[in-house]
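Quick notes on the structure that follows.
Structural data, given as structure tokens:
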């Protein structure tokens with residue numbers, strides 16, 4: 001009997017250890033988070049809608065609960081056929097951001113998300129400069145933590161800058177990676193951002209590092225300013241290609257977003 005009690009207590013202990021919880025990573029302090037616990041629209045103190053714009057990723061953006069909503073502790077970002085006859089856009093997509101609400105320089109960001117597959121689907125988790133210190137895109141940089149296209153069995157993690165996109169310096173140092181991910185499941189996409197390098201991760205495994213080169217100016221290293229967060233589920237465009245309406249709707253589901261800074 002005593003042995004059975006001990007085994008039962010050990011089982012309980014093991015269960016407690018394995019329960020999901022926010023672990024304090026060594027040397028990091030949680031600065032900002034959204035666990036998406038309040039149903040309805042995303043918390044307006046943290047997120048705003050980015051609005052419809054001319055770039056491919058934003059040309060179908062809509063500030064409607066048909067494509068962006070929180071339910072059951074998760075955020076849903078959708079790409080759908082547009083049934084609204086008063087709107088001439090063929091599709092509606094979800095695009096939210098923390099611009100003017102939260103932005104940071106250096107630290108660690110992790111996003112737990114499940115991404116869809118579909119022809120024309122283009123979900124993304126990325127950072128853009130709050131004040132564009134060095135001018136318009138790409139001079140002030142862009143940090144793409146996760147992008148996914150169509151049915152690809154991998155994601156894209158990419159950087160943009162004057163050095164990369166205008167001077168075409170894409171291999172010295174290497175500016176992107178295409179790591180695998182767990183299809184149909186939640187993955188944790190991460191970035192650790194330091195004054196001299198950017199480390200990218202998928203599920204805690206480092207995928208690549210982009211370093212600041214010796215004596216670099218802002219053309220190679222515009223990543224010394226505050227950036228805000230964008231989460232979106234785009235459809236179509238020059239990069240991703242044509243949309244198959246039969247694959248719609250598609251949706252990216254986000255469980256949480258967390259930003260840490262060094263102690």
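Numbering (UniProt numbering), first residue to last: 1 to 263. Each residue gets a CB set at the ideal place from its N, CA and C atoms; glycine is no exception. Keep in mind that this is a model prediction, so the values were computed, not measured.
- When only Cα atoms are considered, residue 185 and residue 28 end up about 26 Å apart.
- With fewer than 16 other Cβ atoms inside 10 Å of its own Cβ, residue 51 counts as exposed.
- DSSP, reduced to helix, strand and coil, places residue 168 outside both helices and strands of the structure shown, so it counts as coil.
- For residue 235, the beta-bridge partners assigned by DSSP are 121.
- For residue 209, same chain residues with a beta-carbon under 6 Å away, outside a window of 5 residues either side, are 197 and 199 in chain order.
- Take the alpha-carbon of residue 249 and the one of residue 109: they are about 28 Å apart.
- Taking residue 162 as reference, the option from 195, 223, 125 and 121 with the minimal CA-CA separation is 223.
- About 5 Å separates the CB atoms of residue 188 and residue 203; that is less than 8 Å, so the two are in contact.
- For residue 156, the enclosing beta strand (DSSP E) has its first and last residue at 156-160.
- If you draw a straight line from the Cα of residue 170 to the Cα of residue 139, it is about 15 Å long.
- In this model, residue 258 and residue 31 are separated by some 8 Å (Cα to Cα).
- Residue 187 sits in a strand when the DSSP states are folded into three classes.
- Judged by beta-carbon spacing, residue 99 lies beyond the 8 Å limit of residue 45, meaning their Cβ atoms are not closer than that value.
- Nearest to residue 241 by C-alpha distance, out of 95, 105 and 151, is 151.
- By the neighbour-count criterion, in which 16 or more other beta carbons inside 10 Å mark a residue as buried, residue 157 falls on the buried side.
- Taking C-beta separations shorter than 8 Å and ignoring five residues to either side along the sequence, the partners of residue 245 in its chain run 81, following chain order.
- Collapsing the DSSP output to three states places residue 58 in a helix.
- The alpha-carbon of residue 115 is positioned some 26 Å away from that of residue 84.
- Per DSSP, residue 211 is one residue of the beta strand (DSSP E) stretching across 205-211.
- DSSP links residue 220 through a beta bridge to no other residue.
- Secondary-structure assignment with DSSP links residue 228 through a beta bridge to 128.
- In this chain, the beta strand (DSSP E) harbouring residue 79 covers 74-81.
- Residue 179 sits buried, since 16 or more C-beta atoms from the chains shown fall within 10 Å of its C-beta.
- Pairing residue 218 with residue 86, the inter-Cα distance amounts to about 45 Å.
- Separation of residue 216 and residue 227 (C-alpha to C-alpha, rounded to the nearest whole angstrom) is 20 Å.
- Taking the Cα positions, residue 96 is about 15 Å away from residue 255.
- Judged by DSSP in its simplified three-state form, residue 181 adopts coil rather than helix or strand.
- CA-CA distance, residue 149 to residue 120, rounds to 7 Å.
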